[in-house]
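So the structure is just underneath, and the comments pick up after that.
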Amino acid sequence: MYAVFLRTASLWSDSTSSDFTFDNVFWYRAEKVLGQTSFFPENSGSSDSPVLGVSVSLFRIALSLRHVFRTGILPEILELERLQNDVADWEGLLLEDQNLLNYPPADLKGRDIREHYHKTAIHLFTLVTSLLLGQILRGSALAGLPQTVPRGSWQMNLAIQILENYANDNVWAKCFIVQWPIYTLGVLMELPEDRQLIRKQLQQTRDVTSFAQVARYSYDLEAIWTNREEVAPINEEKNFEGGLHLLY
(Lines of atoms letter the chains of each structure in order from A and count residues from 1; the text may use other names and numbers.)
(Lines give C-alpha, C1' and ligand atoms only; values in the text may rest on other atoms or scores of the structure.)
Protein backbone atom coordinates (compact mmCIF):
# COMPACT_ATOMS: atom_id res chain seq x y z
CA MET A 1 0.00 0.00 0.00
CA TYR A 2 2.91 2.34 0.71
CA ALA A 3 4.23 1.62 -2.79
CA VAL A 4 0.82 2.57 -4.21
CA PHE A 5 0.95 5.79 -2.20
CA LEU A 6 4.37 6.70 -3.60
CA ARG A 7 3.40 5.87 -7.17
CA THR A 8 0.15 7.82 -6.90
CA ALA A 9 1.82 10.85 -5.32
CA SER A 10 4.71 10.67 -7.84
CA LEU A 11 7.10 13.62 -8.05
CA TRP A 12 5.91 17.18 -7.52
CA SER A 13 7.41 18.28 -10.82
CA ASP A 14 5.32 15.69 -12.65
CA SER A 15 2.21 17.51 -13.80
CA THR A 16 0.86 14.54 -15.75
CA SER A 17 -1.31 11.77 -14.36
CA SER A 18 0.58 9.21 -12.29
CA ASP A 19 0.70 5.50 -13.11
CA PHE A 20 -1.88 5.02 -10.36
CA THR A 21 -5.00 7.17 -10.61
CA PHE A 22 -6.14 8.43 -7.21
CA ASP A 23 -9.14 6.40 -6.07
CA ASN A 24 -10.76 8.06 -3.07
CA VAL A 25 -13.17 5.15 -2.52
CA PHE A 26 -10.32 2.64 -2.37
CA TRP A 27 -8.51 4.60 0.32
CA TYR A 28 -11.66 5.10 2.38
CA ARG A 29 -12.33 1.36 2.22
CA ALA A 30 -8.74 0.50 3.13
CA GLU A 31 -8.95 2.89 6.06
CA LYS A 32 -12.17 1.27 7.25
CA VAL A 33 -10.88 -2.31 6.92
CA LEU A 34 -7.57 -1.65 8.65
CA GLY A 35 -9.36 0.36 11.32
CA GLN A 36 -11.26 -2.76 12.35
CA THR A 37 -8.05 -4.50 13.45
CA SER A 38 -5.84 -3.26 16.26
CA PHE A 39 -2.30 -4.62 16.30
CA PHE A 40 -1.47 -2.79 19.52
CA PRO A 41 -4.69 -2.25 21.53
CA GLU A 42 -2.87 -0.19 24.13
CA ASN A 43 -1.83 2.38 21.51
CA SER A 44 -3.96 5.14 20.06
CA GLY A 45 -5.34 4.63 16.59
CA SER A 46 -2.87 7.16 15.25
CA SER A 47 0.10 4.92 16.04
CA ASP A 48 -1.41 1.50 15.33
CA SER A 49 0.09 0.82 11.92
CA PRO A 50 3.34 -1.12 12.34
CA VAL A 51 3.80 -1.92 8.65
CA LEU A 52 2.64 1.24 6.89
CA GLY A 53 4.17 3.54 9.49
CA VAL A 54 1.28 5.98 9.61
CA SER A 55 -2.47 5.68 9.53
CA VAL A 56 -4.07 5.10 6.13
CA SER A 57 -6.06 8.24 6.91
CA LEU A 58 -2.94 10.36 6.45
CA PHE A 59 -2.13 8.66 3.15
CA ARG A 60 -5.67 9.35 1.95
CA ILE A 61 -5.53 12.99 3.03
CA ALA A 62 -2.13 13.55 1.42
CA LEU A 63 -3.20 11.97 -1.87
CA SER A 64 -6.47 13.93 -1.91
CA LEU A 65 -4.50 17.15 -1.58
CA ARG A 66 -1.91 16.02 -4.11
CA HIS A 67 -4.72 15.32 -6.57
CA VAL A 68 -5.92 18.93 -6.27
CA PHE A 69 -2.47 20.28 -7.12
CA ARG A 70 -2.15 17.86 -10.02
CA THR A 71 -5.52 18.65 -11.59
CA GLY A 72 -6.40 22.11 -10.26
CA ILE A 73 -9.87 20.75 -9.46
CA LEU A 74 -11.27 21.26 -5.97
CA PRO A 75 -13.11 18.43 -4.21
CA GLU A 76 -16.86 18.63 -3.73
CA ILE A 77 -17.96 20.76 -0.76
CA LEU A 78 -18.71 17.79 1.50
CA GLU A 79 -15.39 16.12 0.69
CA LEU A 80 -13.50 19.36 1.30
CA GLU A 81 -15.22 19.76 4.66
CA ARG A 82 -14.28 16.21 5.56
CA LEU A 83 -10.67 16.88 4.64
CA GLN A 84 -10.71 19.98 6.85
CA ASN A 85 -12.10 17.99 9.77
CA ASP A 86 -9.62 15.15 9.27
CA VAL A 87 -6.63 17.50 9.15
CA ALA A 88 -7.95 19.37 12.20
CA ASP A 89 -8.11 16.06 14.11
CA TRP A 90 -4.49 15.28 13.28
CA GLU A 91 -3.44 18.82 14.17
CA GLY A 92 -5.16 18.36 17.53
CA LEU A 93 -3.14 15.21 18.26
CA LEU A 94 0.03 17.05 17.27
CA LEU A 95 -0.63 20.06 19.50
CA GLU A 96 -1.55 17.83 22.45
CA ASP A 97 1.82 16.07 22.34
CA GLN A 98 3.93 17.74 25.03
CA ASN A 99 7.03 15.86 23.82
CA LEU A 100 6.66 17.09 20.26
CA LEU A 101 9.96 18.96 20.17
CA ASN A 102 11.85 16.82 22.67
CA TYR A 103 14.71 14.88 21.14
CA PRO A 104 14.51 11.22 22.27
CA PRO A 105 15.78 11.15 25.87
CA ALA A 106 18.65 8.80 26.68
CA ASP A 107 16.49 6.79 29.07
CA LEU A 108 14.12 5.67 26.31
CA LYS A 109 14.85 2.15 25.13
CA GLY A 110 13.49 -0.38 22.68
CA ARG A 111 9.82 0.01 21.92
CA ASP A 112 9.50 3.37 23.70
CA ILE A 113 12.14 5.05 21.56
CA ARG A 114 10.70 3.50 18.39
CA GLU A 115 7.30 4.92 19.32
CA HIS A 116 8.89 8.35 19.84
CA TYR A 117 10.33 8.33 16.31
CA HIS A 118 7.04 7.01 15.00
CA LYS A 119 4.99 9.79 16.57
CA THR A 120 7.40 12.42 15.32
CA ALA A 121 7.10 11.05 11.78
CA ILE A 122 3.30 11.23 12.05
CA HIS A 123 3.53 14.83 13.24
CA LEU A 124 5.73 15.76 10.27
CA PHE A 125 3.22 14.16 7.92
CA THR A 126 0.45 16.14 9.64
CA LEU A 127 2.28 19.45 9.27
CA VAL A 128 2.75 18.89 5.54
CA THR A 129 -0.92 18.08 4.96
CA SER A 130 -1.89 21.14 7.01
CA LEU A 131 0.29 23.40 4.85
CA LEU A 132 -1.07 21.95 1.60
CA LEU A 133 -4.68 22.21 2.75
CA GLY A 134 -4.09 25.83 3.79
CA GLN A 135 -3.10 26.77 0.24
CA ILE A 136 -6.18 25.05 -1.16
CA LEU A 137 -8.53 26.80 1.26
CA ARG A 138 -6.95 30.18 0.45
CA GLY A 139 -7.54 29.57 -3.23
CA SER A 140 -3.83 29.62 -4.06
CA ALA A 141 -3.68 26.00 -5.22
CA LEU A 142 -3.41 25.91 -8.99
CA ALA A 143 -2.51 22.90 -11.09
CA GLY A 144 1.22 22.45 -10.58
CA LEU A 145 3.57 23.06 -7.69
CA PRO A 146 2.47 24.36 -4.29
CA GLN A 147 3.64 27.86 -3.46
CA THR A 148 6.50 28.40 -1.05
CA VAL A 149 5.59 29.07 2.57
CA PRO A 150 7.29 31.76 4.72
CA ARG A 151 8.84 30.81 8.02
CA GLY A 152 6.17 32.76 9.85
CA SER A 153 3.62 29.94 9.64
CA TRP A 154 3.37 27.80 12.78
CA GLN A 155 3.41 24.61 10.72
CA MET A 156 6.64 25.50 8.93
CA ASN A 157 8.29 26.66 12.16
CA LEU A 158 7.46 23.37 13.89
CA ALA A 159 8.58 21.31 10.91
CA ILE A 160 11.94 23.08 10.79
CA GLN A 161 12.45 22.58 14.52
CA ILE A 162 11.76 18.86 14.13
CA LEU A 163 14.20 18.56 11.23
CA GLU A 164 16.87 20.46 13.16
CA ASN A 165 16.42 18.17 16.17
CA TYR A 166 17.04 15.08 14.06
CA ALA A 167 19.61 16.57 11.69
CA ASN A 168 22.41 14.12 12.55
CA ASP A 169 20.35 11.11 13.59
CA ASN A 170 20.95 8.00 11.49
CA VAL A 171 17.95 6.21 13.02
CA TRP A 172 15.73 9.05 11.84
CA ALA A 173 17.42 8.97 8.44
CA LYS A 174 16.46 5.30 8.09
CA CYS A 175 12.78 6.04 8.79
CA PHE A 176 11.21 5.47 5.36
CA ILE A 177 7.90 7.08 6.25
CA VAL A 178 9.34 10.59 6.75
CA GLN A 179 10.93 10.85 3.31
CA TRP A 180 7.84 12.04 1.42
CA PRO A 181 7.00 14.72 4.03
CA ILE A 182 10.63 15.90 4.03
CA TYR A 183 10.64 16.03 0.23
CA THR A 184 7.36 17.96 0.16
CA LEU A 185 8.62 20.39 2.80
CA GLY A 186 11.53 21.05 0.45
CA VAL A 187 9.06 22.06 -2.26
CA LEU A 188 7.35 24.41 0.19
CA MET A 189 10.48 26.02 1.66
CA GLU A 190 11.39 29.56 0.69
CA LEU A 191 14.77 30.29 2.29
CA PRO A 192 18.11 28.86 1.06
CA GLU A 193 19.17 27.87 4.58
CA ASP A 194 15.97 25.89 5.08
CA ARG A 195 16.42 24.17 1.75
CA GLN A 196 19.95 23.28 2.80
CA LEU A 197 18.50 21.52 5.85
CA ILE A 198 16.35 19.40 3.53
CA ARG A 199 19.28 18.75 1.21
CA LYS A 200 21.43 17.45 4.07
CA GLN A 201 18.69 15.23 5.48
CA LEU A 202 17.99 13.59 2.14
CA GLN A 203 21.71 13.11 1.52
CA GLN A 204 22.10 11.50 4.94
CA THR A 205 19.27 9.10 4.13
CA ARG A 206 20.89 8.24 0.82
CA ASP A 207 24.18 7.58 2.59
CA VAL A 208 22.72 5.19 5.17
CA THR A 209 20.00 3.50 3.10
CA SER A 210 20.73 3.96 -0.63
CA PHE A 211 16.98 4.33 -1.23
CA ALA A 212 16.49 5.02 -4.94
CA GLN A 213 13.28 6.94 -4.23
CA VAL A 214 15.15 9.39 -2.01
CA ALA A 215 17.64 10.03 -4.81
CA ARG A 216 14.72 10.86 -7.11
CA TYR A 217 13.36 13.24 -4.50
CA SER A 218 16.74 14.97 -4.24
CA TYR A 219 17.12 15.41 -7.99
CA ASP A 220 13.57 16.70 -8.31
CA LEU A 221 14.04 19.25 -5.53
CA GLU A 222 17.27 20.56 -7.04
CA ALA A 223 15.47 21.09 -10.35
CA ILE A 224 12.52 22.82 -8.66
CA TRP A 225 14.79 25.09 -6.60
CA THR A 226 16.91 26.00 -9.62
CA ASN A 227 13.84 26.85 -11.67
CA ARG A 228 12.41 29.04 -8.91
CA GLU A 229 15.70 30.89 -8.53
CA GLU A 230 15.74 31.57 -12.27
CA VAL A 231 12.13 32.73 -12.35
CA ALA A 232 12.36 35.00 -9.28
CA PRO A 233 14.51 37.75 -10.91
CA ILE A 234 12.17 37.82 -13.93
CA ASN A 235 9.16 38.35 -11.67
CA GLU A 236 11.00 41.06 -9.74
CA GLU A 237 11.83 42.85 -12.99
CA LYS A 238 8.18 42.69 -14.10
CA ASN A 239 7.03 44.09 -10.76
CA PHE A 240 9.58 46.91 -11.03
CA GLU A 241 8.47 47.79 -14.56
CA GLY A 242 4.85 47.72 -13.42
CA GLY A 243 5.69 50.16 -10.64
CA LEU A 244 7.36 52.54 -13.07
CA HIS A 245 4.31 52.40 -15.32
CA LEU A 246 2.13 53.52 -12.41
CA LEU A 247 4.46 56.44 -11.68
CA TYR A 248 4.23 57.82 -15.20
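According to our numbering, the sequence shown is numbered sequentially starting from 126. Just so you know, even glycine gets a beta-carbon here, dropped at the ideal spot from N, CA and C.
A distance below 9 Å separates the beta carbons of Asn290 and Tyr228. DSSP, reduced to helix, strand and coil, places Met281 within a helical segment of the structure shown.
Along the length of the region 280–315, whole beta strand (DSSP E) runs at least 3 residues long do not occur. Only residues of its own chain outside the window of five on either side were considered, and among them Ile186, Thr254, Ser255, Leu258 have a CB closer than 7 Å to the CB of Val212, listed in chain order. Membership of Gly235 in the alpha helix (DSSP H) is indicated by the continuous run 235–262.
One alpha carbon belongs to Gln272, the other to Val333, and they sit about 31 Å apart. For the set Lys234, Thr251, Leu218, the Cα lying nearest the Cα of Phe184 is the one of Thr251. For Gln286, the number of other beta carbons within 10 angstroms of its own is below 16, and it is reported as exposed. Val274 has Met314 as its beta-bridge partners, per DSSP.
A distance of 9 Å or more separates the beta carbons of Lys325 and Ala348. Leu288 is the residue among Val296, Ser180, Asn295, Leu288 whose C-alpha sits nearest the C-alpha of Met314. Residue environment analysis places Thr133 among the buried positions, since at least 16 neighbouring C-beta atoms fall within 10 angstroms of its C-beta.
Within the same chain, Cβ atoms closer than 6 Å to the Cβ of Ala246 are found at Cys300, Ile302, Val303, the five residues on either side in sequence being excluded.
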